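**Q** Have a look at this one.
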Amino acid sequence: MTNRLASTFRLRAMSRLRPVLAIVPLIAVAVVAAFAVGCNGTSAAGDRGLIPDTSPTPRPTIPPAVATSTPAPGHFDVIDGVNVYAEIPPLSVNIGQWRETDFRRFTVDPDEILSTGPGRNGIEPIYQPHFIPLLEAATLEWMTGDHPVAVVEIDGDARAYPLGILTFHEVVNDVIGGQPVLVAYGPLTYTTQAFSRVVDGVELNFGTTGNVRLSNSVMWDDVTESWWQQANGKAIAGEAAGQQLERIPAYVTSFREFARTYPEGRVLSPASGSPEFWPVYGGSQYFGYDSPNNPPSLFLGLLDERLSPKERVLGVEIGDEVIAFPFARLRQAQVVNTEIGGEPVVVFWKPGTRSALDEELIADSHDPGSAAAFSRRHGDRVLEFEAAGEFFRDTETGTLWTLLGAADAGPLAETDEPADQRLIPVKADNALWFIWSALNPDTEIWPGE
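Each number in our numbering corresponds to the 1-based position in the sequence shown with 227 added.
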């Protein structure tokens, strides 16, 4: 089965999907070409509607706003933390498809934004996701117990998003527990986030720009057409520049761990994407990217040499304190009881979650494990934890907890209060070291440098 799947994936992925790694040596040529082409692209479907039209009628060609052929003076005023330029500055990406984006407003250096090749929604976002129960998901040919999934739960509505699907779409517009939610994945930085899609009372839909900043995916919204950084949910260009999406806790763990914690949970169905993708789900077009010492692709920042660029970390931020927990060190410890920003915190790590950046088939990839962080406060107690096989045990009550912070057995699993059966998550991100340190330059590294 594995050999057949690998052959199918190789043929389909190489013929239909973006060869991101192959374009890296050509990036200088691509940047110059994109700038020279200017604004001859046509707009993708669904510019303004909440659900993009999959069969759009071609628009008349309307000359959009473009960077001037004569270099702009680069003068800008800083207004409320946003760099407001007198003229659109020169950009190294094609802005022909972006008629509504205000490219005079940036919160970052425009030169840091690079193209990966596809244009607007060239990486197909998911606007109408479908979900299947656990038993049906387990019958998918490529689904294994250790397949990596992004996990989001709101008010008992728990959903898993297999990275073997997300890697081809990056953006899912969903409604979880009655709340509009964006689930976003940055493959080149291995960052998975969930955010509210409501900003200032307005519900937004998000798509893909085909661009990256610091190797991290850049998204866009369908109301202001502003550009947003995937790893932190901040608007970096356009009318919304400076806005911050509200974070929702999201985890990356295995399908098995999700099923253990949420036996009634649901899984993103392959039917959510276009049929052309179905044969390649469960694989990755980023195979071979996972070597810790290889430099990142399309990254114009300075590398923090305290760790290897692609070392996996769990980054935790509480108050003014920011700490990265390298997976290589967590593998030895499995449990870390600590304090961050004055808050007692526990970090869990366990094996059994495969990489989505290693082999053509995720099922053949190595196992970096998965990690999550929670407050150790539970009612009027502060708990201490230890590893206990497939679970984590608090030494005060003897309750066994899953990696996702759910009481599985013991006194706290048997209470009548649902809140007592859950640990409270803290702000924590799974990421590769180079992007975590670039966005958090003052980060410390556990257990101390």
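Ideal Cβ positions, reconstructed from N, Cα and C, are used throughout, including at glycine. All of these numbers come straight from a predicted model, not from anything done at the bench.
Is the Cβ-Cβ distance between residue 673 and residue 551 less than 8 Å?
**A** Contact: yes.
**Q** Nearest to residue 617 by alpha carbon, out of 644, 575, 658 and 653?
**A** Measuring from the Cα of residue 617, the nearest candidate turns out to be 575.
**Q** Check the DSSP bridge columns for residue 418 and list the partner residues they point to.
**A** DSSP output for residue 418 lists 413 as bridge partner(s).
**Q** Which term fits residue 473, buried or exposed, when burial requires 16 or more other beta carbons within 10 angstroms of its beta carbon?
**A** It counts as exposed.
**Q** Using three-state DSSP, classify residue 286 as helix, strand or coil.
**A** Because the pLDDT of residue 286 is 31, which lies under 50, any placement of that residue in the model is unreliable, and the question is left without a value.
**Q** Provide the residue(s) that pair with residue 619 in DSSP beta bridges, ordered along the chain.
**A** Answer is 614 and 628, bridged to residue 619.
**Q** Using CA atoms only, rank isn't needed, just tell me which of 483, 604, 307 and 336 is closest to residue 317.
**A** When each option's Cα is compared against that of residue 317, the closest is 336.
**Q** Keeping to the same chain, check which residues put their C-beta closer than 8 Å to that of residue 399; ignore five residues upstream and five downstream.
**A** Answer for residue 399: 352, 353, 356, 388, 393, 409, 410, 411, 495 and 499, listed in chain order.
**Q** Considering residue 433, what are the terminal residues of the beta strand (DSSP E) in which it resides?
**A** Residue 433 -> beta strand (DSSP E) spans 433-440.
**Q** Determine the direct distance from the alpha carbon of residue 569 to that of residue 501, and round the result to whole angstroms.
**A** Distance between the alpha carbons of residue 501 and residue 569: 47 Å.
**Q** Taking the runs of the beta strand (DSSP E) that are 3 residues or longer, which of them lie wholly in the region 456-506?
**A** Taking only runs of at least 3 residues, the beta strand (DSSP E) segments lying wholly in the region 456-506 are 462-464, 478-481 and 493-495.
**Q** Could you have a look at residue 390 and say whether DSSP puts it in helix, strand or coil?
**A** In this structure, residue 390 counts as helix in the three-state DSSP scheme.
**Q** According to DSSP, residue 562 sits in a beta bridge with which residue or residues?
**A** Beta-bridge pairing links residue 562 to 575.
**Q** Leaving aside the five residues before and after residue 620 along the sequence, list all residues of the same chain whose C-beta is less than 6 Å from its C-beta, in chain order.
**A** Same-chain partners within the cutoff: 613 and 627.
**Q** Less than 8 Å separating the beta-carbons of residue 660 and residue 537?
**A** Yes, the Cβ-Cβ distance between residue 660 and residue 537 is below 8 Å.
**Q** According to DSSP, what are the bridge partners of residue 312?
**A** Its beta-bridge partners are 303.
**Q** Who pairs with residue 341 in a beta bridge, going by DSSP?
**A** DSSP output for residue 341 lists 439 as bridge partner(s).
**Q** Assuming residue 419 contacts residue 667 (C-beta within less than 8 Å), just tell me the rounded distance between them.
**A** About 17 Å; that fails the 8 Å criterion.
**Q** According to DSSP, is residue 664 helix, strand or coil?
**A** Correct three-state label for residue 664: helix.
**Q** Please name the residue or residues paired with residue 510 in a DSSP beta bridge.
**A** Paired residues: 588.
**Q** Is it buried or exposed, residue 510, if we count other Cβ atoms within 10 angstroms and call 16 or more buried?
**A** Buried, because 16 or more other Cβ atoms sit within 10 Å of the Cβ of residue 510.
**Q** Quick one: residues in its chain with C-beta nearer than 8 Å to the C-beta of residue 623, no 5 flanking neighbours on either side, listed in chain order?
**A** These residues qualify, in order along the chain: 608, 610 and 611.
**Q** Span of the alpha helix (DSSP H) holding residue 452?
**A** Where residue 452 is concerned, there is no enclosing alpha helix (DSSP H), given that its DSSP letter is neither H nor E.
**Q** So the beta strand (DSSP E) residue 641 belongs to, where does it begin and stop?
**A** Here residue 641 belongs to no beta strand (DSSP E), and DSSP marks it neither H nor E.
**Q** What does DSSP give as the partner residues of residue 605 in its beta bridges?
**A** 608.
**Q** Roughly how many whole angstroms lie between the Cα atoms of residue 526 and residue 638?
**A** Looking at the two C-alpha atoms, the distance is approximately 49 Å.
**Q** Just to check my reading of the structure: residue 366 and residue 481 have Cβ atoms closer than 8 Å, yes? What is that Cβ distance to the nearest angstrom?
**A** Actually they are not in contact, since the Cβ atoms of residue 366 and residue 481 sit about 17 Å apart, beyond 8 Å.
**Q** Please classify residue 376 as buried or exposed, where buried requires at least 16 other C-beta atoms within 10 Å of its C-beta.
**A** It counts as buried.
**Q** Are at least three pairs of beta-carbons, each pair with one atom in the region 452-459 and one in the region 324-344, less than 8 Å apart?
**A** Yes, the region 452-459 is in contact with the region 324-344.
**Q** If you check the beta carbons only, do residue 598 and residue 557 fall under 8 Å apart?
**A** Yes, Cβ-Cβ distance for residue 598 and residue 557 is below 8 Å.
**Q** From the DSSP output, in three-state form, read off residue 541 for me.
**A** Here residue 541 sits in strand by DSSP.
**Q** Mind checking which residues open and close the beta strand (DSSP E) that includes residue 363?
**A** No beta strand (DSSP E) contains residue 363, which is instead part of the alpha helix (DSSP H) from 361-364.
**Q** Classify residue 305 as buried or exposed, calling it buried when 16 or more other Cβ atoms lie within 10 Å of its own Cβ.
**A** Looking at its Cβ environment, which holds fewer than 16 other Cβ atoms inside 10 Å, residue 305 is exposed.
**Q** Does the distance from the CB of residue 492 to the CB of residue 386 come in under 8 Å?
**A** In contact: residue 492 and residue 386 (Cβ atoms closer than 8 Å).
**Q** Do residue 560 and residue 477 count as a contact pair if the criterion is CB distance below 8 Å?
**A** It is not a contact, given that the beta carbons lie outside the stated cut-off.
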